[in-house]
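S.K.: Sharing a structure below in structure tokens format, with a few things to ask.
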Amino acid sequence: RVLDLSYVFAAPYAGGLLADLGAEVIKVEAPHRLDQSRTTFSPFLDNDVDGEHWDRAAVFHVVNRGKRSLALDLSGEEGRDVLRGLVARTDVLLENFTPRVMRGWGMTYAQLAELNPALIMLSNTGFGSTGPWSEFRAQGTTLEATMGLTRHAGYDDGPPCKVGQSYPDFLACWAGLLAIMAALVERERTGLGQWIDLGMYQLGAAVVPEALLACQLGEALAPRGPSAEPDALLSATVRAEGEDRWLAVTAFAARQLRALGEVVGAAPGEDRVAALAAWARTRDAWDAASALQEAGVPAGPVLDARGLLDDPQLRARGFYEAVEFPDGAARALIGRPFRWRGETTSVRVRGCGPRFGEAAAWALGDVRGLDAGRAGELRERGVVADRPVGVAPVAAADVAELVRSGMVARIDEDFREVIAVRHRTEERWDRTSTTWS
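For what it's worth, the working numbering labels the leading residue of the sequence shown as 20, then goes sequentially.
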């Protein structure tokens, strides 16, 4: 059993993946403070914000799949007493508050371990629980800069640049999962739990290893620049046929460079990148990549979201898994980057994200052991809720404005058809295993 007190991406996604692995995961949110992925950081399914929009946030469903939901106010002693009772019956606790929060609640690991010596607790913070920066708040954007990643991203004539969306969060997710698994194995030997004090800032060394080595060897740091391989004879990204379609090509050896010239019809002495660009501009990115690959030249299309949904390799690997949503629609959620063929354990997405507060009766009664009368009192006083408190209404996304501002490259009006055709007509949907096969 996992108690998930965390918000947004890093630790919540670890909880979602633990649910895939068969854990019973209870997501605990405050009635007056929803997980931001229910509101701020997420588009809404079909851009529909009518009614209980907090249950239609797309990112929330990806990150929190397979969980149950308990809305519990931890600002007072009554709510914290409920949580302590749950901790006593829990294997793993996830939290990503700044260190002062759990201290202020009287819920440090040492205090909680008195209730449950076998408890494994992951504290996922920006900078860890010790050191001069320990009380600083952090998010992926700021961490990318402090860990040095943005120094190496961008263009040679521009400033440091952000990389993707909350990149450090997902590094922390996998690092935290590894530590949790190690702690579970250690608990089998000792019977005791573990506090995992994870500082996301420390993950930075793993994403700029070349720069760290260069500094240690007294070499100059590589300049910022486009995504070219520094040791390649040729490394380029060129336009392919169609709107915003691109082809990435790299040649490390002279034979690959010769083969590339033959495929693209480069004249002797002609600039290979220019010849490649002219050749690719009139060809489909997939077809161009296949032609180069057959000649022994590393190449591939640059995929956007639509391309990823249509990617034959991801489909062949069963990466997208069919999940039923409360509105009756079946949607594909991303799975994991590994296949599992265990004879006794099924690893899969076990459901969409939970409706806000839907598991209160079960969590208070079956798990915490409170009688119906006491649970009713907690509801009446607002300690437990099944609807958020004070949530402002939200507006549907202005799609045209998103495209105009560049926040979104384009909107495919036929997105439903694309998903239906690729994942229900050409593929066979196996409802028993909830995978596309």
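Note that beta-carbon positions come from the ideal geometry of N, C-alpha and C, so glycine has one too.
Quick caveat: nothing in here was measured; it's all calculated off a predicted structure.
Is there contact between the segment 74-89 and the segment 46-58, where contact requires at least three CB pairs shorter than 8 Å?
M.R.: Contact between the segment 74-89 and the segment 46-58 is present, because at least three Cβ pairs lie under 8 Å.
S.K.: Is it true that the CB of residue 217 sits closer than 8 Å to the CB of residue 136?
M.R.: Not in contact: residue 136 and residue 217 (Cβ atoms no closer than 8 Å).
S.K.: Looking only at its own chain, which residues have a Cβ that is under 7 Å from the Cβ of residue 458, when we skip the five neighbours before and after it?
M.R.: The structure shown has nothing for residue 458, since the chain only spans 20 to 456.
S.K.: For residue 470 and residue 190, I'd like the C-alpha separation in whole angstroms.
M.R.: What is shown of the chain runs 20 to 456, which leaves residue 470 out entirely.
S.K.: Can you tell me the Cα-Cα spacing of residue 385 and residue 68, whole angstroms?
M.R.: Rounded to whole angstroms, residue 385 to residue 68 spans 33 Å at the Cα level.
S.K.: Between which two residues does the alpha helix (DSSP H) carrying residue 185 extend?
M.R.: Counting along the chain, residue 185 falls outside any alpha helix (DSSP H), and DSSP gives it neither H nor E.
S.K.: Quick check on the burial criterion: 16 or more other C-beta atoms within 10 angstroms. Buried or exposed for residue 426?
M.R.: Looking at its Cβ environment, which holds fewer than 16 other Cβ atoms inside 10 Å, residue 426 is exposed.
S.K.: Compare the C-alpha of residue 279 against each of 267, 289, 295 and name the closest.
M.R.: Looking at the Cα atoms, 295 is the closest of the given residues.
S.K.: Using DSSP with H/G/I as helix, E/B as strand and the rest coil, what is residue 90?
M.R.: DSSP places residue 90 in strand when its eight states are reduced to three.
S.K.: If I measure Cβ to Cβ from residue 15 and keep anything under 6 Å in the same chain, skipping five residues before and after, which residues do I get?
M.R.: Outside the shown range of the chain, which is 20 to 456, sits residue 15, and nothing can be said about it.
S.K.: Residue range of the beta strand (DSSP E) that residue 351 falls in?
M.R.: Run containing residue 351: 349-353, per the beta strand (DSSP E) assignment.
S.K.: If you count every other CB in all the chains shown that lies within 10 Å of the CB of residue 375, and 16 or more means buried, which is it?
M.R.: Classification for residue 375: buried.
S.K.: If contacts are defined as beta-carbon pairs under 8 Å, then residue 126 and residue 215 qualify, I think. What distance do you get, rounded to the angstrom?
M.R.: Contact doesn't hold; Cβ gap of about 15 Å is too wide.
S.K.: What three-state label does DSSP hand residue 286 in the structure shown?
M.R.: In this structure, residue 286 counts as coil in the three-state DSSP scheme.
S.K.: Whole angstroms are fine: how far does the CA of residue 251 sit from the CA of residue 412?
M.R.: Using only the alpha carbons, I get a separation of about 52 Å.
S.K.: Is residue 424 buried or exposed, if buried means 16 or more other CB atoms sit within 10 Å of its CB?
M.R.: Residue 424 comes out exposed.
S.K.: Could you tell me which residues DSSP pairs with residue 22 in its beta bridges?
M.R.: DSSP output for residue 22 lists 45, 112 as bridge partner(s).
S.K.: Helix, strand or coil for residue 445, going by three-state DSSP, please let me know.
M.R.: Model confidence at residue 445 stands at a pLDDT of 39, short of 50, so the residue's coordinates are unreliable; what they give is reported in the following sentence. In this structure, residue 445 counts as coil in the three-state DSSP scheme.
S.K.: Examine the ligand FAD and report whether any of its heavy atoms sits within less than 7 Å of the Cβ of residue 320.
M.R.: The model depicted lacks the ligand FAD and carries no ligand whatsoever.
S.K.: Give the secondary structure of residue 60 by DSSP, where H, G and I count as helix, E and B as strand, and everything else as coil.
M.R.: Here residue 60 sits in coil by DSSP.
S.K.: Tell me which residues share the same chain as residue 24 and place their Cβ nearer than 6 Å to its Cβ, disregarding the 5 neighbours each side in the sequence.
M.R.: These residues qualify, in order along the chain: 47, 114.
S.K.: For residue 37, does the three-state DSSP call read helix, strand or coil?
M.R.: Here residue 37 sits in helix by DSSP.
S.K.: In the DSSP assignment, what are the bridge partners of residue 340?
M.R.: For residue 340, which the question treats as bridged, DSSP gives the partners 352.
S.K.: What distance in whole Å lies between the Cβ atoms of residue 351 and residue 430, which are believed to be in contact at a cut-off of 8 Å?
M.R.: Their Cβ separation, rounded to whole angstroms, is 18 Å, which puts residue 430 and residue 351 out of contact at 8 Å.
S.K.: State the Cα-Cα distance for the pair residue 185 and residue 277, rounded to the nearest angstrom.
M.R.: C-alpha separation (whole angstroms): 40 Å.
S.K.: Assuming residue 423 is part of the alpha helix (DSSP H), what are its boundary residues?
M.R.: Note, residue 423: alpha helix (DSSP H), 418-424.
S.K.: Per the DSSP calculation, residue 270 is bridged to which residue(s)?
M.R.: For residue 270, which the question treats as bridged, DSSP gives the partners 253.
S.K.: Under 8 Å between the Cβ atoms of residue 166 and residue 187?
M.R.: Contact flag set, yes.
S.K.: Measuring only the C-alpha atoms, how far is residue 103 from residue 122?
M.R.: One C-alpha to the other measures close to 14 Å.
S.K.: Roughly how many angstroms separate the alpha carbons of residue 97 and residue 402, rounded to a whole number?
M.R.: For residue 97 and residue 402, the distance between alpha carbons rounds to 7 Å.
S.K.: By the 10 Å Cβ neighbour count, where 16 or more other Cβ atoms means buried, how is residue 456 classified, buried or exposed?
M.R.: With a pLDDT of 43 at residue 456, under the threshold of 50, the modelled position of that residue is not reliable, and the figure given next carries that caveat. By the neighbour-count rule (16 or more Cβ atoms within 10 Å), residue 456 is not buried but exposed.
S.K.: Quick check: residue 244 and residue 175, are their CB atoms within less than 8 Å of each other?
M.R.: Taking 8 Å as the Cβ cut-off, residue 244 and residue 175 qualify as a contacting pair.
S.K.: Three-state secondary structure (DSSP) at residue 318?
M.R.: Three-state result, residue 318: strand.
S.K.: Quick check: the Cα distance between residue 372 and residue 319, rounded to an integer number of angstroms?
M.R.: About 34 Å.
S.K.: If you drop the 5 nearest sequence neighbours on each side, which residues of the same chain put their C-beta closer than 6 Å to that of residue 20?
M.R.: Once the five neighbours on either side are set aside, the close Cβ partners of residue 20 are 43, 109, 110.
S.K.: Along the alpha helix (DSSP H) that carries residue 305, what are the first and last residues, could you check?
M.R.: 304-313 is the extent of the alpha helix (DSSP H) around residue 305.
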